[in-house]
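Chemist: Let me begin by handing over the structure; questions about it come next.
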Amino acid sequence: MKGSLLIISAPSGTGKTTILKKLMSDIEGTVFSVSHTTRSPRSGEQNGIDYHFVERDIFQKMCADDEFLEWAEVHGNFYGTSKTEITRQLNDGLDVFLDIDVQGARQVRSSEDLQSTSVFIIPPSWQEQENRLLKRGTDSKEIIELRLANARKEMSDAPSYDYLVVNDSLDKAVEALKSIIIAERSRQRRGPEGKPLSMPPMS
Ligand code: ADP
Ligand code: 5GP
Numbered sequence: 001m002k003g004s005l006l007i008i009s010a011p012s013g014t015g016k017t018t019i020l021k022k023l024m025s026d027i028e029g030t031v032f033s034v035s036h037t038t039r040s041p042r043s044g045e046q047n048g049i050d051y052h053f054v055e056r057d058i059f060q061k062m063c064a065d066d067e068f069l070e071w072a073e074v075h076g077n078f079y080g081t082s083k084t085e086i087t088r089q090l091n092d093g094l095d096v097f098l099d100i101d102v103q104g105a106r107q108v109r110s111s112e113d114l115q116s117t118s119v120f121i122i123p124p125s126w127q128e129q130e131n132r133l134l135k136r137g138t139d140s141k142e143i144i145e146l147r148l149a150n151a152r153k154e155m156s157d158a159p160s161y162d163y164l165v166v167n168d169s170l171d172k173a174v175e176a177l178k179s180i181i182i183a184e185r186s187r188q189r190r191g192p193e194g195k196p197l198s199m200p201p202m203s
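Residue numbers (the UniProt record's numbering): 1 to 203.
Rendered as structure tokens:
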């Protein structure tokens, strides 16, 4: 496979979706892995773009048929990454962003076939994270409470990620992530745009 996987995890409301949207318009050679989920679409979310929204029985059949690279139950819903989609994108030489939770990240990191780099995004404070969830205005009070309670547990996985980024200023967080991608590409002898570097002739 030519591309690599970039795992991005963060407690809900930290700003990971916002960062990824901005970053993807700024950097070449990357795609976002569209997960399958049993969660209901939020206002403005589009099927096939934000997620593949599926019923529980479909999700369970996909699990039974071993169609997921990883899957997990998060905040009471199921989420999973399709193997077929990822393999095609990596073979096309693209770097693939996986916006997945800490359980999924553990599964991908333990894969022997796939190389991955992981980034954990941290909110500047718990208060700010709560403010952002309220400001987003997409979830009920109960769902926000559940997501805030889970955030503390998710944060305990942060030390096992390769990189940590604080999303205080959005522009700085996007820049930090961009630098990580370029550094990782250089490690794999690829240029900032993601293509293999060609060595100049020796004579
Ligand atoms: P996540 O995908 O991590 O759950 P979102 O990307 O949906 O989070 O962001 C949650 C809310 O926080 C959104 O309303 C978004 O506009 C806002 N937000 C994201 N990053 C910042 C930031 N750096 N400063 C202030 N607000 C932000
Ligand atoms: P949301 O419902 O806010 O879109 O996502 C909730 C959580 O599910 C986030 O932590 C997000 O990273 C995670 N998530 C989204 N897609 C996947 C996936 O395919 N697998 C796993 N394990 N987690 C996912």
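Don't be surprised by glycine CBs; every beta carbon is placed ideally from N, CA and C.
Since the structure is predicted, the reported quantities are computational estimates derived from the model, not experimental observations.
Tell me the DSSP bridge mates of I122?
Modeler: Mapped onto the sequence shown, residue 122 falls at position 122. Partner(s): V166.
Chemist: Give the straight-line distance between the Cα atoms of M155 and I19, rounded to the nearest whole angstrom.
Modeler: In the sequence shown, counting from the first residue as 1, residue 155 sits at position 155. In the sequence shown, counting from the first residue as 1, residue 19 sits at position 19. About 18 angstroms.
Chemist: Rounded to whole angstroms, what's the CA-CA distance from Q129 to S12? Just pull it up for me.
Modeler: Within the sequence shown, residue 129 is the residue found at index 129, counting from 1. Within the sequence shown, residue 12 is the residue found at index 12, counting from 1. The alpha-carbon atoms of Q129 and S12 are separated by roughly 8 angstroms.
Chemist: Return the residue from the list V165, T87, D95 that minimises the CA-CA distance to T14.
Modeler: Here residue 14 refers to the residue found at position 14 when the sequence shown is read from its first residue. The shortest CA-to-CA distance from T14 to any of V165, T87, D95 is the one to V165.
Chemist: Would R187 pass as a contact of L197 if the rule is Cβ separation under 8 angstroms?
Modeler: The residue you call residue 187 lines up with position 187 of the sequence shown. The residue you call residue 197 lines up with position 197 of the sequence shown. It is not a contact, given that the beta carbons lie outside the stated cut-off.
Chemist: In whole angstroms, what is the alpha-carbon distance linking I182 and M24?
Modeler: Position 182 of the sequence shown, counting from 1, holds the residue named residue 182. Position 24 of the sequence shown, counting from 1, holds the residue named residue 24. Each residue's Cα considered, the two are about 13 angstroms apart.
Chemist: Is T18 near the ligand NAD - that is, is its Cβ less than 7 angstroms away from at least one heavy atom of it?
Modeler: Among the ligands modelled here, namely the ligand ADP and the ligand 5GP, the ligand NAD does not occur.
Chemist: Is the distance from the Cβ of A149 to the Cβ of G104 below 8 angstroms?
Modeler: Position 149 of the sequence shown, counting from 1, holds the residue named residue 149. Position 104 of the sequence shown, counting from 1, holds the residue named residue 104. No, the pair does not count as a contact, with Cβ atoms beyond the cut-off.
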